Amino acid sequence: MVSKEIVEQIRDALDIADIIGERVKLRRSSRGYHGLCPFHHEDTPSFHVYTDTQSYYCFGCHEAGNVFTFLMKTENVSFPEAVKTLADRAGIELPKYEHPGERSAYDILDLAAKFYAEKLSDSPRVYLERRKLDASDITRYSLGYAPNSWDALVKYLRSQKVSDKQMQELGLAQEGRYGLYDKFRGRVMFPIRDIAGRVIAFGGRLIDGEGAKYLNSSESAIYHKRKNLYLLDRARNAIRERKRSILVEGYMDAIRLHKSGYSEAVASLGTSLTQEQAETLSRFADRCYMCYDSDSAGQNATRQSMFTLQKHGLDVYVVSLPEGKDPDEFLATNPSEAFEESLKKARPLVVYYVDAMRAKVSDPLTHKSAMKELFMTLSELEVYEVLAHKSYLSEATGISPSKIEEWFMSRSKQSAPTDTPAPMEVKGAEHPSEAAMCSLLYHHVECRISLKADAILALMRNPTARLVALALVMENVDSQYLLWTQLNETEKLAVLARGDEICARMKGLSMAEKFRSTYITLCDRNKARRIRELTAKLQKSEATPEELSELMRLKR
Ligand SMILES: [Zn+2]
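Take 11 as the starting number for the sequence shown in this note's numbering and just add one per residue.
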């Protein structure tokens, strides 16, 4: 455990705005900065970073915290990991707490990585050079070589006071008839790192001797295959900045893409993508380009994985490279602009899937079952994702676009009770939160500063409440109130009075909390209303492609 003093020392040495600013586009505001919230989707910034208290708060989704929680939540790391990352950043050295005689798992894997790196001489180097990797790549991606000997690593780690038990637990060695021996032998080694950049496992590509072509570390206390993506530690910032990730199958594919300038690439370390990996990717960007191998195993993996990604809210595009090449082969012989061309031509999931089913659909023998499979599979997606490509689906199946739309709409109505018709908005009376907002604006200057006129126009529906709120943020409050009394504008005064009453009922809440909760209620109501509007348009086939994508974003 790191002491409280050190945690405070790290916090004092850094500015939260710098750290958050690297991940969220921030603009200056009165008490610090604000920007679009990284924790929920929004179009107008409600995420605030306060430099005086070194904290953040989102008025939209209530996320709040300090620089450590920010890192933990946005990068999915533990508290000690966040402390370590920020300590490095601040140039503060963390004290090493080690049990005497026992090394930490990270420490041991680091030792193993260094051991493998040192063994990378002549023949393995030739292999890597043949794959067009030079000395700087070998260093950058910490590549190494596990010698084709019985127990070279075991001997080395024993000399470094690592116990046999630890080596086995970390999947570096296994017990055989003649004692402990190295798990990886005769292989080029790719260290697998966690998001904080620490080695947690290895992947080995056989170049000498016998065995499986690829061998990975087994699961351990610190390595969970389901959760990791190869090179994510180097890719996460690029994914965020470029608002897209590129998902590939192999180590070499990911490395080649990084070398060619596509540093948003990660590899899934297995044929099909897990829920956890999809969830992790969705945290960094909404769009994912899948570029798996074009052999049948790769294509099967593509199909499975793309639905996993889409269900986690990602927009999936499937990239097909010419001549059935994988990204590594393709970029070894083509300029990187050629890959960009392939990205541009990538097919959205629905189009890709329809294409993949085309042959079976047009074959009279398989037509019926293929149609069933096609429609049932697509019906698991959000209806607007499918309807965005209804004419394509119509062309491939021979069913008219209106029939297609009818079928998917009726299914979505059965499964989505949320798409109920709009509740009646009572004419004349404002929403309670609108009244409450007017009251808060009238009584507190802090509220007036935080709410801009355009936000009022977007959030308030009732004409009187709108006028009251607008006047309060734009004019002098006291003279405005006086004017309303003198002109006997009872409707406006009544809104304020009802608002006072509602605010008084929010017992035990501070002014700021009342403001936040009122604001959030109005935002949610606004969002729900927009979703209803767009869904109605969609049902009447009047939605434009822009409105479809807006609906997709709102539903996330
Ligand atoms: Zn938020």
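Ideal Cβ placement from N, Cα and C applies to all residues, glycine included. Every value quoted in this text rests on a predicted model; they were computed, and no experiment measured them.
Distance cut-off 8 Å: residue i Cβ against heavy atoms of ligand 1
i      : result
Phe49  : yes
Phe80  : no
Glu32  : no
Ser56  : yes
Glu523 : no
Glu259 : no
Glu91  : no
Glu390 : no
Glu73  : yes
Glu52  : yes
Supposed contact pair residue j and residue i - C-beta distance, whole angstroms, cut 8 Å
i      : j      : result
Thr528 : Val505 : With a Cβ gap of about 14 Å, Thr528 and Val505 do not count as contacting.
Leu96  : Val77  : 6 Å
Leu153 : Phe200 : 6 Å
Pro48  : Thr84  : 6 Å
Ala248 : Gly260 : The Cβ separation is near 19 Å, so there is no contact.
Ser449 : Leu532 : At roughly 13 Å, the Cβ-Cβ gap does not stay under 8 Å, so Ser449 and Leu532 are not in contact.
Gly334 : Ser306 : With a Cβ gap of about 11 Å, Gly334 and Ser306 do not count as contacting.
Gly42  : Thr61  : 4 Å
Ala352 : Val329 : Here the sequence assigns Ser to residue 352, which means Ala is not the residue at that position. Yes, Ser352 and Val329 are in contact; Cβ-Cβ is about 5 Å, under 8 Å.
Leu267 : Met316 : No, Leu267 and Met316 are not in contact; Cβ-Cβ is about 18 Å, not under 8 Å.
Ala479 : Leu451 : 6 Å
Arg197 : Leu241 : Contact doesn't hold; Cβ gap of about 19 Å is too wide.
Ser567 : Ile459 : Within the shown structure, residues of the chain are numbered from 11 to 566, placing residue 567 beyond reach of any answer.
Arg246 : Cys298 : The Cβ separation is near 14 Å, so there is no contact.
Met562 : Tyr394 : 6 Å
Ala183 : Val164 : 5 Å
Whole-angstrom distance between residue j and residue i, CA atom to CA atom
i      : j      : result
Asp218 : Phe385 : 48 Å
Tyr498 : Cys68  : The sequence given here places Asn at residue 498; Tyr does not occur at that position. Approximately 39 Å, taken between the alpha carbons.
Asp117 : His44  : 39 Å
Leu391 : Leu46  : 27 Å
Asp25  : Val93  : 14 Å
Leu461 : Val483 : 8 Å
Asn86  : Ile30  : 15 Å
Phe349 : Ser273 : 13 Å
Thr428 : Glu552 : Confidence is the limiting factor: at Thr428 the pLDDT is only 40, short of 50, which leaves the residue's position unreliable, though a coordinate-based value still follows. Their Cα atoms are separated by approximately 21 Å.
Cys301 : Thr290 : 18 Å
Asp464 : Arg535 : 16 Å
Cys71  : His50  : 7 Å
Ala514 : Ile466 : 22 Å
Ser230 : Glu347 : 40 Å
Lys537 : Val396 : 22 Å
Tyr191 : Glu185 : 6 Å
Gly101 : Ser88  : 20 Å
Ile541 : Lys321 : 19 Å
Thr318 : Thr284 : 7 Å
Leu550 : Glu543 : Reading the sequence as shown, one finds Lys at residue 550 and not Leu. Distance between the alpha carbons of Lys550 and Glu543 is about 11 Å.
Glu32  : Leu493 : 48 Å
Asp488 : Thr500 : 16 Å
Asp132 : Lys124 : 17 Å
Arg141 : Asp338 : 9 Å
Thr407 : Asn158 : 56 Å
Ala426 : Leu564 : Here the model assigns Ala426 a pLDDT of 44, short of 50, so the residue's position is not dependable and the matter cannot be decided.
Arg476 : Lys237 : 48 Å
Closer than 8 Å: residue i CB and nearest ligand 2 heavy atom
i     : result
Gly70 : Questions concerning ligand 2 fall outside what the structure shown contains, since the ligands it does hold are ligand 1.
For residue i, the residue or residues it bridges with in DSSP
i      : result
Gly44  : For the sequence presented, residue 44 should be read as His rather than Gly. Its beta-bridge partners are Arg37 and His58.
Gln184 : Tyr191
Phe200 : Gly213
Pro358 : Tyr327
Met300 : Leu257 and Val328
Val276 : Leu257
Ser65  : Tyr60
Asn310 : Asn310 is not bridged to any residue.
Leu225 : Gly214
Tyr155 : Val198
Ala74  : Tyr67
Tyr240 : Ala277
9 Å Cβ cutoff, residue i in contact with chain B
i      : result
Leu341 : The question asks about chain B, but that chain is absent: this structure has only one protein chain.
Review point. Can you find at least 3 beta carbon pairs, one from the region 375-383 and one from the region 314-329, that sit closer than 8 Å?
Key: Contact between the region 375-383 and the region 314-329 is not established, with fewer than three Cβ pairs separated by less than 8 Å.
Exercise for review: Check whether the region 203-211 touches the region 166-177, taking contact to mean three or more Cβ pairs, one atom from each stretch, closer than 8 Å.
Suggested key: In short, these stretches do not touch, since the Cβ pair count stays below three.
Exercise for review: Could you say if the region 310-322 and the region 351-369 meet the contact criterion of at least three C-beta pairs nearer than 8 Å?
Suggested key: Yes, since at least three Cβ pairs between the region 310-322 and the region 351-369 fall closer than 8 Å, the two stretches touch.
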